[in-house]
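Working notes for the structure below.
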Amino acid sequence: MESNYISISYEQLVLAALLILINITLSWVLRLGLSQSLWLASLRMVVQLLLVGYVLQWLFTLRNPGAILAIALGMTAIAGTSAVNRSRRRFRNVYWNSFVSILASSFLVTSLAVLAIIRIEPWYDPQYLIPLLGMILGNAVTGISLALDRFMEDLVSQREKVEALLAVGATRWEAARGTVKEAIRAGMIPTINSMMVMGLVSLPGMMTGQILAGASPIDAVRYQIVIMFAIASGTALGTMGIVMLAFRALFSQKHCLRLERLRLVK
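Just remember that the working numbering sits 19 ahead of the position in the sequence shown, which is counted from 1.
Written as structure tokens, this is what we have:
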């Protein structure tokens, strides 16, 4: 398929930015008080995306696997921190637990996708490795943050029920099994919902970008299917990992609930 890629100039970006005036006008007419937030959000988005674009352009020229892995680790550390920052409650080593969960899940799934499915040569080609890892990390952050927050909040709200089960001889796993299941379910629901309507209600950004860049729609769809399966697996593994680590942190080996280890962050 012949490529008919159309480059976007900075002048065209300025014209596109005028579209935000629709939102600002609606905010002004309806007195929503969002005008300042819209300007700030638009400015931050443009600056951040342009910076990312220049960084990726430089990154794609790298052929040093050590440097690329270091950047991947940095992305993972930021993702792990962001997942915890979305929760109101914290416990000791929660950031480390989040990092371990997202590192293990994202690197495992990305490695399988790169080495066994797409079969990139060399395996550390940043043009494929970094965007794929970034998409897996972005979705894993959502799953981990939802699951972690749900698990801690449910333990607090259902404290009496859990402690009653422990008091009558239930093990910590028996007492917390329902809470663990609901937390993992909560973390996976956004990805499942996205997969259910993909192609019918929404066209994924990656697939749309490939088509606009001149790729065959069938090739773009195949890539999107691979990526969605990788995202689903990475989210599931990361979600399960953080919930199980939180379970170990908030229940002692003597089968006691230790909610005093939680602290509320305002």
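By construction, the Cβ of each residue, glycine as well, lies at the ideal position given by its N, Cα and C atoms.
The alpha-carbon of Leu283 is positioned some 38 Å away from that of Leu75. With a minimum length of 4 residues, the unbroken runs of alpha helix (DSSP H) contained wholly in the segment 162-228 fall at 178-186, 191-216. In this structure, the straight-line span from the alpha carbon of Trp142 to that of Leu151 is close to 12 Å.
Judged by pairs of C-beta atoms under 8 Å, the segment 122-131 does not touch the segment 212-221, as fewer than three such pairs exist. Following the DSSP letters along the chain, one finds Leu62 inside the alpha helix (DSSP H) bounded by residues 54-78.
Between the segment 249-266 and the segment 199-206 there are three or more inter-stretch CB-CB distances shorter than 8 Å, so the stretches are counted as touching. Following the DSSP letters along the chain, one finds Gly260 inside the alpha helix (DSSP H) bounded by residues 236-269.
By the C-beta density criterion, Leu68 is exposed, having fewer than 16 other C-beta atoms within 10 angstroms. The Cβ atoms of Leu81 and Pro145 sit closer than 7 Å to each other.
The alpha-carbon separation between Val245 and Val133 amounts to approximately 10 Å. Arg107 carries a coil assignment under DSSP once its states are collapsed to helix, strand and coil. Nearest Cα to Leu278 within the set Asn42, Arg111, Ser235: Arg111. About 7 Å separates the beta carbons of Ala251 and Met214, which is inside the 8 Å limit, making them a contact pair.
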